[in-house]
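The structure appears below as structure tokens.
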Amino acid sequence: MNLKAVATVVTIIGVVIASFAGNAIARQAGLGAEGWLVAAFALGILLLSQGPVLQLRQEVRDLKVRSADRGEA
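Rendered as structure tokens:
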């Protein structure tokens, strides 16, 4: 499966979950609409930043495989 597609799906799911969870937590804590919105935005940014990290990890794995193949040849 394409790693970029997986990262995009994970990001979308994470943002949706964060918005629902942030709303529920804010209601329990008594925060206003702005409080949970800021918290959900911060968590969404954190989740969005994970896409490039996953892609970089895949590139490192690919480079390790290539270098191992060249070492055996």
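Going by the working numbering, 59 is the number at position 49 of the sequence shown; the sequence numbering is gapless.
For each residue, glycine too, the CB sits at the ideal point set by N, CA and C.
Note that the structure is a prediction, hence the values are computed from the model and not measured.
Going by other Cβ atoms of all chains shown within 10 Å of its Cβ, with 16 needed for buried, is residue i buried or exposed?
{"i": "residue 36", "result": "buried"}
{"i": "residue 15", "result": "exposed"}
{"i": "residue 78", "result": "exposed"}
{"i": "residue 17", "result": "buried"}
Only counting the same chain, and skipping five residues up and downstream in sequence, which positions put a Cβ closer than 7 Å to that of residue i?
{"i": "residue 54", "result": "25, 28"}
Pick from the options: whose alpha carbon is nearest that of residue i?
{"i": "residue 57", "options": "21, 65, 50", "result": "21"}
{"i": "residue 49", "options": "72, 31, 64, 61", "result": "31"}
{"i": "residue 13", "options": "40, 38, 62, 23", "result": "62"}
{"i": "residue 19", "options": "60, 76, 74", "result": "60"}
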